[in-house]
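Protein chains in written order, with the working numbering: chain F, 1465 to 2006; chain G, 690 to 899.
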C-alpha cells in the first residue's frame, strides 16, 4: 500500500457516490429500536422503485439523538428523520422524488446539533463503519501515511504535546508526556494498548466511537506505535459490547488485508499488529494495571504504581495505554496540525469532549462539545431540560468515581480543573441528569453498591470500606441512622479515599462526599435523634 | 474442590512475569509442573475429563481454539469465553480441560473464572433476561422493573427459575443509556421498558409450552 493506492481507493469510492444518500444509523441505540429492518426495507424499496442508480442506502454509526431512533439522514437535502420504522421507511423515497414524506423530522437547527463540534465524531454517522473504503474516502489513514513517511517519531510526539491533548479516560494526564515517557523507556518490546473497557454505568461514548468509526482508533494506535516504537497493539474491549467487538474485528481484518496494518506499513520500517482482547465484566479492569493483568490472562487486580506502565507494563515491557477517545483524536491532530487543535477549548483543556447525555433530560444521546462549554448549555439548551417541565436538581459526571454538580452551579465551564474543584471529575464522559424525583442519598448508595460489588478485594480499605459505607448509607436511607453514623461515614470516606490501592477505591467515596457537600440536608433529614440518657443512672445489673 | 491447590508447583501463585526468562509464555517450559500435577490423585480426574471430552464434539472445537492461540497461557480469558459460548456455562470438566490444555494450575483457571462476572459456573435457563442497572436506567426506574420481574418469576437476580426456563440477570451498564431503561431479552436489547412490558415478555416465556 502506498499513497497512490490510498488515493485511488478514495477516488473510486467518491466516484461511486450517488445523487442521494440515505444514512441509516446502525449504532446500538437505533439498532435495538429496529434500524436493521429499516435498512432492509429501504434497500428493498429502492430496488422496487428502480432507483438503484439514484439512491445509496448506507449503514452509518451514531447520528447522536439516540432517544428518537431509529434515525435516517437524507443527503444532500440535509434532513434528519426520526422514529422511522420498517413500516413507514419506504415513505422516505418520497423525498428523493421531490415530495414530502409523512415522517417526523428532527430539527437540525436545535442547539442539540448546532452547539456540537465534531472532531472525534466527525466520521460518526457519515462513514460506513463496516467498510474501510468509506473511511479512506473521508481522508482516513492519510494521517498515518503522513506521520510514518514525512515525520520523525519525535516530531509526532512533539505535535501531540503541542496540541495539549489530555487523556480522555478521565484523569486528564497529558498525552504527549505519556508518549514521550514510553518512547524514552527501553525494553525488549513495547506495546500500545487501547483501553476500551468503558465500565462507568451511564457512559456510552467509547462504545459509540468503536461502533461508528473503528478505523480512527486503529489509525490513532498505529500513529502512537510509530511514535513510541511499538510493534504490537491490544484493544481491550468489554464483552458487553458485541457490536463494537464485531466491527473492530472486521476493521482489523480489512486494514490487515490492505496492508495498513502488518509489516512495512506504507513502505516505512513500521510493523504494527493489533489484537483484540475481550473483557469479562470486571469494572476494575478499566484501571490500567488491572487491565494489563487481564490482558495477560490473569485475574484483573491492580498493583501499586510505580513502576508505571510506561516503564514496566505488559510482560514487564514499556506499555502505552490510552483511552479510545484519546486515540480517536490523534489522526485529526496530525491531519490538521497541533495549533488547530490547541486553538479549541480552554487554557488547560484543549479540544473537544464527547459526552453521553442521559437520565432525566428530554434529548438523550451523544454530544461532542468544545471544552469550556457550560453545563447549563449542555443540559438546558442542548438537552432541552427535564421532561415534563420538572426542575433539574443535579448533573452527575464521572460515574461512580465522580460526583454531582447541583443545578445552582451549572454555569461551570466543563474542563478537567473546574469539575475537580466542584468535587466531581471529568471522567470518561457519562453525564446523567437528575431532577426533583431523584433522591440523592439513594444515588449515593447506588454508586456505593456498584463499587462494593466491583471492588476486586485486593486491598482492605476498598474491600471492607465500601461494604461499611454501603451499610451506613442503607441505614441512613431507612431512617435508622443517627448523627454519629453520619460522622463515621464521613470519616470512612476520608480513610478509603486516602488509603486505597487503585483509582476504584480512591474515588469510590466521591459520590458520597459530593452529595454530602451540596445536598447535606437530604442526609440530615433522615437522621433520627440520638438516644439521650434520661438522667437516672442505669441499674448495675440487667 | 478445584481451588484446593495441595499439589501445585511451588510458584503457582506468583505472577507469570516473575518466572524464568522471557519465554515464560511458551507452552513447553512448564511441563515439569504439569507432571507434578499429573502424578497426584488428580491425574485420575483429568483422565476422566479427557475420556469424557473424547466423545464430545464441543471439546474438539475448544481444543482447536486453544491450538489457534498456540496454547498461550495469556489467552486463558479468550479460551474461557469460547468454552462458555460452546457449553453455555463453565463447569469443572471444562475448567480442568482448559487447565490441562494451557498447562496452567487448575486453581489459576478457577480463580480467573470466578473473578470475572461474565463467566457463569451454573447452567443458565432457556431464556435470559438481563435488566440493565446502569445509572441512566436506574434513575428512570430499572429497580422497579427488576422488582416486578423478581416477584413474578419468584427468583432473585442471578438465579434461574426452578423449571429452568428463565434466568434473571442484571448488568452494570449495557451502554444503551439513550434509550433507558433497557432490558436485554435473549440477547436483544429492548428500549424504554416498563414493569408491564417486561412482565409481558417474561409471562410469554414462562407459559410457553406448559
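Ideal Cβ placement from N, Cα and C applies to all residues, glycine included. Computed from a predicted structure; not experimentally measured.
Residue i burial status per 10 Å Cβ neighbour count (16 or more: buried)
{"i": "residue 843(G)", "result": "exposed"}
{"i": "residue 690(G)", "result": "Because residue 690(G) carries a pLDDT of 40, less than 50, the predicted location of this residue cannot be relied on, and no value is offered for it."}
{"i": "residue 794(G)", "result": "buried"}
{"i": "residue 720(G)", "result": "Unreliable placement is indicated for residue 720(G), whose pLDDT of 40 sits below 50; the coordinate value is still reported in the next sentence. The residue is exposed, with fewer than 16 neighbouring Cβ atoms inside 10 Å."}
{"i": "residue 1623(F)", "result": "buried"}
{"i": "residue 1578(F)", "result": "exposed"}
{"i": "residue 1716(F)", "result": "buried"}
{"i": "residue 724(G)", "result": "Reliability fails at residue 724(G), whose pLDDT of 44 lies under 50, so the model's placement of it is uncertain and the value that follows must be treated cautiously. By the 10 Å Cβ count, residue 724(G) comes out exposed."}
{"i": "residue 2014(F)", "result": "Any answer about residue 2014(F) is impossible in this case: the structure gives chain F only from 1465 up to 2006."}
{"i": "residue 1995(F)", "result": "exposed"}
{"i": "residue 1474(F)", "result": "buried"}
{"i": "residue 1809(F)", "result": "buried"}
{"i": "residue 754(G)", "result": "buried"}
{"i": "residue 1637(F)", "result": "exposed"}
{"i": "residue 1944(F)", "result": "exposed"}
{"i": "residue 1766(F)", "result": "buried"}
{"i": "residue 710(G)", "result": "For residue 710(G), the predicted model reports a pLDDT of 38, less than 50, meaning its position is unreliable; a value from the coordinates is still stated below. Looking at its Cβ environment, which holds fewer than 16 other Cβ atoms inside 10 Å, residue 710(G) is exposed."}
{"i": "residue 717(G)", "result": "At residue 717(G), the pLDDT of 40 sits below 50, so the modelled position is not reliable and the matter cannot be decided from this model."}
{"i": "residue 1472(F)", "result": "exposed"}
{"i": "residue 885(G)", "result": "exposed"}
{"i": "residue 783(G)", "result": "buried"}
{"i": "residue 1468(F)", "result": "exposed"}
Cβ pair residue i, residue j closer than 8 Å
{"i": "residue 1813(F)", "j": "residue 1630(F)", "result": "yes"}
{"i": "residue 1863(F)", "j": "residue 1529(F)", "result": "no"}
{"i": "residue 978(G)", "j": "residue 1703(F)", "result": "Outside the displayed span of chain G (690 to 899) sits residue 978(G), for which this structure offers no information."}
{"i": "residue 1816(F)", "j": "residue 1833(F)", "result": "yes"}
{"i": "residue 1692(F)", "j": "residue 1656(F)", "result": "yes"}
{"i": "residue 1488(F)", "j": "residue 1521(F)", "result": "yes"}
{"i": "residue 1497(F)", "j": "residue 880(G)", "result": "yes"}
{"i": "residue 1922(F)", "j": "residue 1965(F)", "result": "yes"}
{"i": "residue 1502(F)", "j": "residue 1550(F)", "result": "yes"}
{"i": "residue 1792(F)", "j": "residue 1524(F)", "result": "no"}
{"i": "residue 1890(F)", "j": "residue 1857(F)", "result": "no"}
{"i": "residue 1575(F)", "j": "residue 1835(F)", "result": "no"}
{"i": "residue 1601(F)", "j": "residue 1795(F)", "result": "no"}
{"i": "residue 1873(F)", "j": "residue 1886(F)", "result": "yes"}
{"i": "residue 1499(F)", "j": "residue 1588(F)", "result": "no"}
{"i": "residue 1839(F)", "j": "residue 1869(F)", "result": "yes"}
{"i": "residue 735(G)", "j": "residue 775(G)", "result": "no"}
{"i": "residue 1763(F)", "j": "residue 807(G)", "result": "no"}
{"i": "residue 1752(F)", "j": "residue 1773(F)", "result": "yes"}
{"i": "residue 1486(F)", "j": "residue 1536(F)", "result": "yes"}
{"i": "residue 1866(F)", "j": "residue 1926(F)", "result": "no"}
{"i": "residue 1980(F)", "j": "residue 1946(F)", "result": "no"}
Nearest-angstrom Cβ-Cβ length linking residue i and residue j, presumed shorter than 8 Å
{"i": "residue 1482(F)", "j": "residue 1505(F)", "result": "Rounded, the Cβ-Cβ distance is 18 Å, inconsistent with contact."}
{"i": "residue 1666(F)", "j": "residue 1894(F)", "result": "4 Å"}
{"i": "residue 901(G)", "j": "residue 767(G)", "result": "Since the displayed chain G opens at 690 and closes at 899, residue 901(G) lies outside it and no answer follows."}
{"i": "residue 1570(F)", "j": "residue 1544(F)", "result": "4 Å"}
{"i": "residue 825(G)", "j": "residue 1822(F)", "result": "4 Å"}
{"i": "residue 1531(F)", "j": "residue 867(G)", "result": "6 Å"}
{"i": "residue 861(G)", "j": "residue 1668(F)", "result": "Not a contact, Cβ separation roughly 12 Å."}
{"i": "residue 1933(F)", "j": "residue 1986(F)", "result": "Actually they do not touch by this definition, with Cβ atoms about 16 Å apart."}
Interface flag, residue i vs chain C, CB-CB below 8 Å
{"i": "residue 1742(F)", "result": "No chain C appears in the structure shown, which is made up of the protein chains F and G."}
Chain F contacts made by the region 798–821 of chain G, where a contact means CB separation under 7 Å: Within the region 798–821 of chain G, 800, 801, 804, 805, 806, 807, 808 place their CB atoms closer than 7 Å to a CB of chain F, listed in sequence order.
At least three beta-carbon pairs within less than 8 Å, the region 1820–1836 of chain F to the region 1694–1708 of chain F: Contact between the region 1820–1836 of chain F and the region 1694–1708 of chain F is absent, because fewer than three Cβ pairs lie under 8 Å.
Inter-stretch contact (C-beta, 8 Å, three-pair minimum) for the region 1767–1787 of chain F and the region 814–827 of chain G: These segments do not touch.
Three CB pairs or more closer than 8 Å across the region 1645–1653 of chain F and the region 1750–1760 of chain F: Contact between the region 1645–1653 of chain F and the region 1750–1760 of chain F is not established, with fewer than three Cβ pairs separated by less than 8 Å.
Within 9 Å of chain F by C-beta, residues of the region 827–846 of chain G in sequence order: Legend: CB atoms of the region 827–846 of chain G lying less than 9 Å from CB atoms of chain F belong to residues 827, 828, 829, 832.
Interfacial residues, the region 762–795 of chain G to chain F, with Cβ spacing under 8 Å: Hits within the stretch, in order: 762, 763, 764, 765, 766, 767, 769, 770.
Contacting positions in the region 1684–1712 of chain F - beta carbon closer than 7 Å to chain G: Residues of the region 1684–1712 of chain F with a Cβ closer than 7 Å to any Cβ of chain G, in chain order: 1703, 1704, 1705.
Members of the region 879–895 of chain G near chain F, C-beta cut-off 8 Å: Cβ contacts with chain F come from 879, 880.
Stretch-stretch touch, CB-based, cutoff 8 Å, three pairs: the region 1906–1915 of chain F with the region 1970–1984 of chain F: A contact is defined here as three or more CB-CB pairs under 8 Å, and the region 1906–1915 of chain F meets this definition with respect to the region 1970–1984 of chain F.
Interfacial residues, the region 740–764 of chain G to chain F, with Cβ spacing under 9 Å: For the region 740–764 of chain G, which is checked against every Cβ of chain F, the residues closer than 9 Å are 761, 762, 763, 764.
Interfacial residues, the region 856–875 of chain G to chain F, with Cβ spacing under 8 Å: Residues 860, 861, 862, 863, 864, 865, 866, 867, 868, 869, 871.
Three or more C-beta pairs below 8 Å linking the region 1876–1894 of chain F and the region 1680–1687 of chain F: With the cut-off at 8 Å, the region 1876–1894 of chain F and the region 1680–1687 of chain F do not touch.
Cβ contact check for the region 792–812 of chain G and the region 866–878 of chain G: 3 or more pairs under 8 Å: Touching, no, given that fewer than three Cβ pairs across the two stretches are closer than 8 Å.
At least three beta-carbon pairs within less than 8 Å, the region 1708–1715 of chain F to the region 1792–1812 of chain F: At 8 Å Cβ cutoff, the stretches do not touch.
Members of the region 1871–1904 of chain F that neighbour chain G once the beta carbon cut-off is set at 9 Å: Cβ contacts with chain G come from 1894, 1896, 1897, 1898, 1899, 1901, 1902.
The region 1724–1733 of chain F in contact with the region 1608–1615 of chain F per 3-pair CB rule at 8 Å: The region 1724–1733 of chain F and the region 1608–1615 of chain F touch, with no fewer than 3 CB-CB distances between them shorter than 8 Å.
Residues, ordered as in the chain, of the region 1846–1861 of chain F that lie near chain G by beta-carbon distance below 9 Å: Taking 9 Å as the Cβ-Cβ cut-off, the region 1846–1861 of chain F approaches chain G at 1860, given in chain order.
Contact residues within the region 1821–1845 of chain F, judged by C-beta distance below 9 Å to chain G: Contact annotation: in the region 1821–1845 of chain F, residues whose CB is within less than 9 Å of a CB in chain G are 1821, 1822, 1823, 1824, 1828, 1829, 1830.
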